[in-house]
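Worksheet for the structure shown next.
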Amino acid sequence: GDSVTQMEGPVTLSEEAFLTINCTYTATGYPSLFWYVQYPGEGLQLLLKATKADDKGSNKGFEATYRKETTSFHLEKGSVQVSDSAVYFCALSDPNTGNQFYFGTGTSLTVIP
Amino acid sequence: GAVVSQHPSRVICKSGTSVKIECRSLDFQATTMFWYRQFPKKSLMLMATSNEGSKATYEQGVEKDKFLINHASLTLSTLTVTSAHPEDSSFYICSASVGRAEAFFGQGTRLTVV
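Residue numbers (our numbering), protein chains in the order written: chain B, 8 to 120; chain C, 342 to 455.
Pasting the structure below:
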């Protein structure tokens, strides 16, 4: 079945450090891929998405490229800020399963000044 | 983007009582809504898929008689936690998707059962 595997946290970085959060997926069809962010006490917000192979999603300095050959969608940011501290979820939506969303376990990021 | 409103954001109830959580799509019609439960420092656990005008589809291990889901219209789905117990205390989140394009999430409801 469909699934998303995400690197476990927590991740602690200093401000302006480079961030990578790994995400790989398994899907029966051709899924869309997403990164969601959850700030403390809040719901999930879409950070970026990619709907087909080789697409790059980007937002707020974050980027992720849909790699079909490696079934990956790693999240990167060149210089993190304290305000980026949150939990990040990788997810996929597969039309073969009625567009149900599958989430990774989430990676907690803490950025220290 | 589309907006999903979830209400209430926080609720405290006594053991044995029932609590209703509403999930509304404000500016689009959602034929399907999803209900998730999030445990501390854990990922989202899909509880059920709610389809307008039909019975919800529950995930394995979720008690359908305890977590009643109603999807009365294309813009409203409700989750009722019946006979709540302290172990039901959690963060509940709803979402609505428009095809495969994106899932829009409510802000979540923090339920505390005392």
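All C-beta atoms, glycine included, are put in the ideal place defined by N, C-alpha and C.
Legend entry - Helix, strand or coil at Val-123 of chain B according to DSSP, with G and I counted as helix: What is shown of chain B runs 8 to 120, which leaves residue 123 of chain B out entirely.
Legend entry - Proximal residues of chain B, C-beta to C-beta of Gln-448 of chain C below 7 angstroms: Glu-49 and Gly-50
Legend entry - Buried or exposed by the 16-neighbour rule on C-beta atoms within 10 Å, applied to Asp-368 of chain C: exposed
Inset, instruction - Can you grab the Cα-Cα spacing for the pair Gly-16 of chain B / Thr-423 of chain C, in whole Å? - result: 35 angstroms
Legend entry - Sequence-distant residues of the same chain with beta carbon closer than 8 angstroms to Phe-408 of chain C, five excluded per side: Trp-376, Met-388, Ala-389, Tyr-399, Leu-420, Thr-421, Val-422 and Thr-423
Inset, instruction - Could you have a look at Glu-70 of chain B and say whether DSSP puts it in helix, strand or coil? - result: strand
Legend entry - Proximal chain C residues relative to Gln-107 of chain B, where beta-carbon distance stays under 9 angstroms: Thr-373, Phe-375, Leu-387, Thr-390 and Ser-438
Legend entry - For Asn-411 of chain C, three-class secondary structure by DSSP: strand
Inset, instruction - Report back the beta-carbon spacing between Phe-69 of chain B and Cys-97 of chain B to the nearest angstrom; my notes put them in contact at under 8 angstroms. - result: With 8 angstroms as the limit, Phe-69 of chain B and Cys-97 of chain B do not qualify as a contact, their Cβ atoms being about 12 angstroms apart.
Inset, instruction - Just list the alpha helix (DSSP H) runs in the segment 359-383 of chain C, keeping only unbroken ones of 4 residues or longer that don't cross its boundaries, in chain order. - result: none
Inset, instruction - Report buried or exposed for Pro-38 of chain B, applying the criterion of at least 16 other Cβ atoms within 10 angstroms of its Cβ. - result: buried
Legend entry - Where the segment 50-81 of chain B meets chain C: residues whose CB sits under 9 angstroms from a CB there: Gly-50, Leu-51, Gln-52, Leu-53, Lys-56 and Thr-58
Inset, instruction - Would you kindly report the start and end of the unbroken beta strand (DSSP E) that includes His-348 of chain C? - result: 345-348
Legend entry - Three-state class that DSSP yields for Asp-61 of chain B in the structure shown: coil
Inset, instruction - Please decide whether Thr-112 of chain B counts as near chain C, where near means a Cβ-Cβ distance under 8 angstroms. - result: yes
Inset, instruction - Quickly, what does DSSP pair Ser-391 of chain C with across the bridge? List them, please. - result: C:Met-374
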